[in-house]
Amino acid sequence: EAGVAQSPRYKIIEKRQSVAFWCNPISGHATLYWYQQILGQGPKLLIQFQNNGVVDDSQLPKDRFSAERLKGVDSTLKIQPAKLEDSAVYLCASSFLLAGEQYFGPGTRLTVT
Amino acid sequence: GQQVMQIPQYQHVQEGEDFTTYCNSSTTLSNIQWYKQRPGGHPVFLIQLVKSGEVKKQKRLTFQFGEAKKNSSLHITATQTTDVGTYFCAGPYTGTYKYIFGTGTRLKVLA
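Below, the structure is given as structure tokens:
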């Protein structure tokens, strides 16, 4: 069974530029999560989808972050414009059940200079 | 605000010693999950506890969910160098599906 795929693995951009991350969850997993993990901290949930509907996005900075999950499979997370404090690892995870065990992708390490 | 704290933040042990990390939530959790993250890696699911007072074992690891469903613990017996990493608890607050991760405990095992 293939795991959660994410791309790119690394990205370096200058502040005020835009960036997009892509995630392909495990086949059949209806729930998809995007987390931000700053070095030395636990993952922080940004947005959670159930199929193509949003379950929670209360911690998503909506003035600069956006996410979509068209057709309830792949998802993209976008930052526009990026700030220095957005430097972090962006993790995508998926689960079969809404409150079930989560499988994480390798993450995208973003550096904003 | 609502948060999930873990203690200790760091723990260094000699190989063979036991290790325990504690997870405390300000609000009751529907369930508790534990993840392990190796340095440079991503979180890997270990176990999920759902019932109040539930105890589960996985070889040298023992997991417990508190009676009030606000705290949990992970105990490792006779640590090995392969146990190195950061251990996170996580769960949704009761009545929501919003996942909150704990602050994590970083374990270092000295050979």
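Which chain is which? The protein sequence lines are P and V, in order.
Per the numbering used here: the first sequence = residues 1 to 113.
Per the numbering used here: the second sequence = residues 1001 to 1111.
Where is the CB? At the ideal position from N, CA and C, for every residue including glycine.
Query	Result
Quick check: does the Cβ of GLY53/P come within less than 7 Å of any heavy atom belonging to the ligand NAD?	Within the structure as shown, the ligand NAD is missing, as the structure has no ligands at all.
Starting from HIS1012/V, follow the beta strand (DSSP E) in both directions and report where the run begins and ends.	1010–1014
For TYR10/P and GLY1053/V, what's the separation of their Cα atoms in angstroms?	42 Å
According to the neighbour-count rule (16 or more other Cβ atoms, all chains shown, within 10 Å of its Cβ), is ALA1111/V buried or exposed?	exposed
With 8 Å set as the bound, which would you pick, yes or no: does the beta-carbon of PHE21/P sit closer than that to a beta-carbon of chain V?	no
Excluding the five sequence neighbours on either side, which residues of its own chain have a C-beta within less than 6 Å of the C-beta of ILE12/P, listed in chain order?	THR111
Scan the segment 1042–1064 of chain V for residues whose Cβ lies nearer than 8 Å to a Cβ of chain P and list them as they occur along the chain.	HIS1042, PRO1043, VAL1044, PHE1045 and GLN1048
Exposed or buried, which one is LYS1069/V when buried takes at least 16 other CB atoms within 10 Å?	buried
What residue does the beta strand (DSSP E) around ASN1071/V start on, and which one ends it?	1071–1076
Closer than 8 Å, Cβ to Cβ, to anything on chain P: give me those residues from the segment 1019–1030 of chain V, in chain order.	SER1030
Mind the definition here: the segment 19–36 of chain P touches the segment 1080–1091 of chain V only if three or more C-beta pairs lie below 8 Å; say whether that holds.	no
Taking the Cβ atom as the reference point for each residue, do ASN1071/V and ASN1031/V lie within a distance shorter than 8 Å?	no
Name the one or two DSSP bridge partners that GLU101/P has.	According to DSSP, which records beta bridges pairwise, GLU101/P is partnered with nothing at all.
In chain order, what residues of the same chain have a beta carbon less than 8 Å from the beta carbon of GLU1015/V, not counting five sequence neighbours either side?	THR1079, GLN1080, THR1081, VAL1109, LEU1110 and ALA1111
To the nearest whole angstrom, what separates the beta carbons of LEU1049/V and LYS1056/V, a pair I think is in contact under 8 Å?	6 Å
Go to GLN50/P, then tell me how far its beta strand (DSSP E) extends in each direction, as first and last residue.	44–50
Just tell me which of GLU85/P, LYS83/P and LEU77/P has its CA closest to the CA of GLN6/P.	LEU77/P
Does the beta-carbon distance from TYR1097/V to VAL55/P come in below 8 Å?	yes
Taking the beta strand (DSSP E) that PRO1092/V belongs to, which residues open and close that run?	1085–1092
Buried or exposed, going by whether 16 or more other CB atoms sit within 10 Å of the CB of GLN1006/V?	buried
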